[in-house]
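Q: For reference, the structure I am asking about is given below.
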Amino acid sequence: MPDLNGLRRAALALVVIGLLWNMVEAGVSLWAGAVAGSVAMLAFGLDSIVELLAGGALVWRLRTSLDDSEAEAAELRAQRLVGISFFLLAFYVVLHSGSNLLGWLPESKPSLIGVAIVASSAVVMAVLYVAKMRIATQMQSRSLRAEALESLFCDLQDLTILVGLGLNALFAWWWADPVSVLLLVPLFIKEGLENLSGHEDGEEDGFLHVCLCRLCFYGLRTCPPTCSRA
63 MPDLNGLRRA ALALVVIGLL WNMVEAGVSL WAGAVAGSVA MLAFGLDSIV ELLAGGALVW
123 RLRTSLDDSE AEAAELRAQR LVGISFFLLA FYVVLHSGSN LLGWLPESKP SLIGVAIVAS
183 SAVVMAVLYV AKMRIATQMQ SRSLRAEALE SLFCDLQDLT ILVGLGLNAL FAWWWADPVS
243 VLLLVPLFIK EGLENLSGHE DGEEDGFLHV CLCRLCFYGL RTCPPTCSRA
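Each residue of the sequence shown is one higher than the last, beginning at 63 in my numbering.
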């Protein structure tokens with residue numbers, strides 16, 4: 063049997079690290095955006111603020127010691143709060159990327175600070191995602207899994223920004239970044255709906271809440287108990 067108290071402390075430490083990083087990321091991005099007049103950096107900072115909602119919900123959940131019946135209700139509340147943050151992310155991506163494609167925003171010039179913070183975020187979010195998913199599997203915590211997936215999607219956004227900057231520099235494909243980020247919106251909506259409902263399709267048939275097989279690792283499907291690998 064896993065040490066749930068130890069796992070909870072480890073999960074809390076990871077979530078707090080993510081929160082602190084998002085605070086730094088938001089502060090630097092908003093400052094750099096204001097100084098350079100970069101709408102893209104301002105939007106990146108606002109995105110980090112949205113992610114603080116999910117982290118805050120998990121801190122509350124992991125710091126709450128409850129009996130089994132209360133713990134299940136608290137897990138569901140935290141899961142639904144994270145679900146709301148997925149919809150906020152989807153709204154942000156559609157609004158910002160759509161405005162870029164329609165030419166409503168001024169053309170942004172990449173800055174050294176901007177590239178550095180995005181590249182650093184890509185590394186930090188990837189490490190946090192893997193660690194959170196491993197603990198979420200051992201705890202069978204759907205809310206921690208959801209918050210971990212938000213770290214993954216943040217990482218994917220960072221990577222698309224970096225790829226978009228490269229394609230724009232090499233081929234003048236200014237539209238590559240907003241289009242590629244828009245492809246993530248269906249994943250945001252899928253996770254938002256599942257977390258608001260509190261379960262996934264097939265869960266009632268004996269499927270595990272959280273799995274660490276290759277496909278479940280990326281949130282692509284729900285797997286039977288034989289797939290679980292902590």
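Heads up, the beta-carbon is just placed ideally off N, CA and C, and yes, glycines get one too.
Just verifying my parser: in three-state terms, what is the DSSP assignment at G254?
A: In this structure, G254 counts as helix in the three-state DSSP scheme.
Q: Use the C-beta contact count for P248: other C-beta atoms within 10 angstroms, 16 or more gives buried, fewer gives exposed.
A: By the Cβ neighbour-count rule, P248 is exposed, with fewer than 16 other Cβ atoms within 10 Å of its own.
Q: Cβ atoms of S110 and A88: under 8 Å apart, would you say?
A: A distance below 8 Å separates the beta carbons of A88 and S110.
Q: Any idea if D220 is buried or exposed, counting beta-carbon neighbours within 10 angstroms, 16 or more meaning buried?
A: buried
Q: CB-CB under 6 Å to A152, same chain, minus the five flanking residues each way: which ones, in chain order?
A: Once the five neighbours on either side are set aside, the close Cβ partners of A152 are V247, F250, I251.
Q: Could you tell me if D217 is buried or exposed, where buried requires 16 or more neighbouring beta carbons within 10 angstroms of its beta carbon?
A: With 16 or more other Cβ atoms within 10 Å, it is buried.
Q: What's the gap between the Cα of L124 and the Cα of M103?
A: 32 Å
Q: Which whole-angstrom value is the C-beta distance of L211 and I197, which I expect to be below 8 Å?
A: At roughly 14 Å, the Cβ-Cβ gap does not stay under 8 Å, so L211 and I197 are not in contact.
Q: Counting Cβ pairs closer than 8 Å, one from the segment 112-119 and one from the segment 160-180, do we hit at least three?
A: no
Q: Going straight from the alpha carbon of A72 to that of H158, what length do you get?
A: Computed Cα separation, rounded: 35 Å.
Q: Does the distance from the CB of A184 to the CB of L224 come in under 8 Å?
A: yes
Q: Where do the ends of the alpha helix (DSSP H) carrying G228 lie?
A: 204-233
Q: Helix, strand or coil: which one does DSSP assign to R70?
A: helix
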